[in-house]
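Peer 1: For the sequence shown, the positions run 1 to 387 when the numbering used here is used. Virtual Cβ for every residue (Gly too), placed ideally from N, Cα, C. As the structure is a prediction and not an experimental result, all values here were calculated from the model. Quick one: structure below, then a few questions.
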Amino acid sequence: MTDGRHPGGASSHGNDLSGVTLRGNILTPQGWVSGSLHFDGRIAAIDGMPADPADNLDPYILPGFIDLHVHGGGGKDIMDGGDAVDVIAAIHARHGTTSMLATTMTSPLSDLENALEACGHACRARRPGTARVLGVHLEGPYINPGKLGAQPDFAQPASLQEVTRLSALAPVKLITVAPEIAGHLEVVRMLSDSGMRVQIGHTLGSYEDGVQALAHGASGFTHLFNAMTAFQARAPGMVGAALAHARYSELIPDLLHVHPGAIKAALRAIPRLYCVTDSTAATGMPDGDYMLGRQQVHKCMGGVRLADGTLAGSTLTMDQALRNLVGLGLDLADASRRVSTYAADHLGLPERGRLASGCHADLVVLDRKLNLTKVYVEGEQIGLTDV
Ligand SMILES: [Zn+2]
1 MTDGRHPGGA
11 SSHGNDLSGV
21 TLRGNILTPQ
31 GWVSGSLHFD
41 GRIAAIDGMP
51 ADPADNLDPY
61 ILPGFIDLHV
71 HGGGGKDIMD
81 GGDAVDVIAA
91 IHARHGTTSM
101 LATTMTSPLS
111 DLENALEACG
121 HACRARRPGT
131 ARVLGVHLEG
141 PYINPGKLGA
151 QPDFAQPASL
161 QEVTRLSALA
171 PVKLITVAPE
181 IAGHLEVVRM
191 LSDSGMRVQI
201 GHTLGSYEDG
211 VQALAHGASG
221 FTHLFNAMTA
231 FQARAPGMVG
241 AALAHARYSE
251 LIPDLLHVHP
261 GAIKAALRAI
271 PRLYCVTDST
281 AATGMPDGDY
291 MLGRQQVHKC
301 MGGVRLADGT
311 LAGSTLTMDQ
321 ALRNLVGLGL
331 DLADASRRVS
341 TYAADHLGLP
351 ERGRLASGCH
361 ADLVVLDRKL
371 NLTKVYVEGE
381 QIGLTDV
């Protein structure tokens, strides 16, 4: 223990490791290990033997959750700017999210600049008690105005100049684009060449548009099945392009946005299907009215909807996403990869989303009913009260 941040949570280790030691069923990239995990800000060592967790009653130790699509929580929206991003990153950390992308709404440039300026501060310096904000997911405004979903009506053709301006304020890691808009394929190529991940979403594009976008460097799909052209026998649509060709795609497993059967079909088709929450300000709040960007939404019965009934993001948290996947029949190791490892891989982050020596000490401890008991972000224990 080097800095006194982990009162009561530390124990010493014979090999001169300072920091924290946790014991349980540890999910490593090589499989389950029954033993001890030692860490401070990074994972120092994992000691133990390969084991089947079914043979004991010890807790599970998994990589912390990674959520690449977070709009809000705790009554705040990323578009609020100011300290909203810290409030949101704190709420989600208490549900096991150890790193995330702050996700914008389709909005006028000045609103986006305001939001990204605040996100830039959070990216440069993580506040205690919060998830690491890895960067920004721009959800639009370069989407199809005919497939806004719950996005407000500020869709516009893509502008590289704008993206460059926004990237100067905060690191844009991921951008959702409708590829069928004139000129967008070239933009997809340039954005992906610049190192951003481009996801296809909020789109009326055809199967062929999707295949072309993938050939131009797009690497994922935004909330698969939602706000995209559906699968039909003679017109497989954007859903068909994803099912036939995607290596990565995000999906909202709140069991409201996508039918369990559709989730199972996607799991068969897309090797690295991963989960996001698409969570709104209403996450972690009682039923009532909230703002989603500039639009009012109503939370009731776990759903968040516009006045016309359109689903408008979710109140999902990543710990519930994990439980929902296991409830659908996935084994825990597979479910864990889909709430953590694959998202890290999509962004090219080998030091997150896995429990291995040298990786960031981003981890969650769950009891045998899959309830969170401990969360660590880069070695800092997060208080779980008020969950
Ligand atoms: Zn969203």
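Taking Cβ positions, are L109 and E162 nearer each other than 8 Å?
Peer 2: yes
Peer 1: Reducing DSSP to helix, strand and coil, say where D80 ends up.
Peer 2: helix
Peer 1: If you reduce the DSSP assignment to three classes, tell me which class G240 lands in.
Peer 2: helix
Peer 1: At a threshold of 7 Å, does T283 count as lining ligand 1 (C-beta to nearest heavy atom)?
Peer 2: T283 Cβ: outside cutoff for every heavy atom of ligand 1.
Peer 1: Spatial neighbours of S336 within its chain, please: C-beta separation below 8 Å, excluding the five flanking residues on both sides.
Peer 2: L27, L62, P63, L322
Peer 1: With M318 and T277 assumed to form a contact (beta carbons below 8 Å), what rounded beta-carbon distance in angstroms separates them?
Peer 2: Contact between M318 and T277 holds: their C-beta atoms lie close to 6 Å from each other, under 8 Å.
Peer 1: Any chance the CB of H69 is under 7 Å from a heavy atom of ligand 1?
Peer 2: Flag set: Cβ of H69 near ligand 1.
Peer 1: For ligand 1, which residues count as neighbours when the test is a C-beta closer than 5 Å to any heavy atom?
Peer 2: E139, D278
Peer 1: If you draw a straight line from the alpha carbon of A361 to that of A125, how long is it in whole angstroms?
Peer 2: Cα to Cα, A361 sits roughly 17 Å from A125.
Peer 1: Where does L27 sit, in a helix, a strand or coil, going by DSSP?
Peer 2: DSSP places L27 in strand when its eight states are reduced to three.
Peer 1: Give the straight-line distance between the Cα atoms of A51 and V33, rounded to the nearest whole angstrom.
Peer 2: Put simply, the backbone Cα of A51 is about 5 Å away from that of V33.
Peer 1: For the candidate residues G41, G73, Q320, G353, whose alpha-carbon lies nearest to that of N284?
Peer 2: First, the amino acid is wrong: residue 284 is Gly here, not Asn. Cα-wise, what sits closest to G284 is G73.
Peer 1: Verify the contact flag: I61, CB atom, against every heavy atom of ligand 2, threshold strictly below 7 Å.
Peer 2: The model on display carries ligand 1 but not ligand 2.
Peer 1: Suppose you measure from the CA of T261 to the CA of G19; what does that come to, to the nearest Å?
Peer 2: Reading the sequence as shown, one finds Gly at residue 261 and not Thr. Going by the C-alpha atoms only, they are around 44 Å apart.
Peer 1: Using DSSP's beta-bridge definition, name the partner residues of S279.
Peer 2: V70, S314
Peer 1: Name, in chain order, the residues that DSSP records as bridge partners for F221.
Peer 2: For F221, the pairing in a beta bridge is given by DSSP as I200.
Peer 1: Would you call the CB atoms of L134 and L166 closer than 8 Å?
Peer 2: L134 is not a Cβ neighbour of L166, given a cutoff of 8 Å.
Peer 1: Can G35 and I46 be called in contact, C-beta distance under 8 Å?
Peer 2: Yes, the pair counts as a contact, with Cβ atoms nearer than the cut-off.
Peer 1: Rounded to whole angstroms, what's the CA-CA distance from P29 to M238? Just pull it up for me.
Peer 2: Distance between the alpha carbons of P29 and M238 is about 32 Å.
Peer 1: Chain C beta carbons: is any one of them nearer than 8 Å to that of N56?
Peer 2: As a matter of chain content, chain C is missing from the structure shown, which is built from one protein chain.
Peer 1: Give me the Cβ distance between L251 and L273, rounded to the nearest whole Å; I'm assuming they're in contact under 8 Å.
Peer 2: 6 Å
Peer 1: Alpha carbon to alpha carbon, how far is A230 from A215? Give it in angstroms, no decimals.
Peer 2: 21 Å
Peer 1: Counting C-beta neighbours from all protein chains within 10 Å, is the total for C119 16 or more, i.e. buried, or is it exposed?
Peer 2: buried
Peer 1: What residue does the alpha helix (DSSP H) around G210 start on, and which one ends it?
Peer 2: Counting along the chain, the alpha helix (DSSP H) containing G210 begins and ends at 207-215.
Peer 1: Using the beta-carbon count (16 or more within 10 Å), is Q151 buried or exposed?
Peer 2: buried
Peer 1: For H360, name the three-state secondary structure that DSSP assigns.
Peer 2: strand
Peer 1: Pull up the DSSP beta-bridge partners for Y342, would you.
Peer 2: Note: Y342 sits in no beta bridge, so no partner.
Peer 1: State buried or exposed for R268, treating a residue as buried only when at least 16 other CB atoms are found within 10 Å of its CB.
Peer 2: Of the residues assessed, R268 falls on the exposed side of the cut-off, its CB having fewer than 16 other CB atoms within 10 angstroms.
Peer 1: Would DSSP call H137 helix, strand or coil?
Peer 2: strand
Peer 1: Is DSSP giving H95 helix, strand or coil here?
Peer 2: In this structure, H95 counts as coil in the three-state DSSP scheme.
Peer 1: Taking contact to mean 3 or more Cβ pairs, one atom from each stretch, closer than 8 Å, check whether the segment 353-368 and the segment 52-61 are in contact.
Peer 2: Segments in contact, yes.
Peer 1: Quick one: measure Cβ to Cβ for D67 and H92, integer angstroms, because I've assumed they're closer than 8 Å.
Peer 2: At roughly 7 Å, the Cβ-Cβ gap stays under 8 Å, so D67 and H92 are in contact.
Peer 1: May I ask which residues mark the beginning and end of the beta strand (DSSP E) holding D40?
Peer 2: Unbroken run through D40: none, as it is neither H nor E.
Peer 1: Assuming T164 is part of the alpha helix (DSSP H), what are its boundary residues?
Peer 2: Element bounds for T164: 160-167.
Peer 1: Quick one: what does DSSP say D3 is sitting in, helix, strand or coil?
Peer 2: Only weak support is given to the placement of D3: the predicted model assigns it a pLDDT of 37, under 50, and the value that follows is read from those uncertain coordinates. In this structure, D3 counts as coil in the three-state DSSP scheme.
Peer 1: With a threshold of 6 Å on Cβ separation, who are the neighbours of G146 within its own chain once the five nearest residues in sequence on each side are excluded?
Peer 2: Here the set comprises L204.
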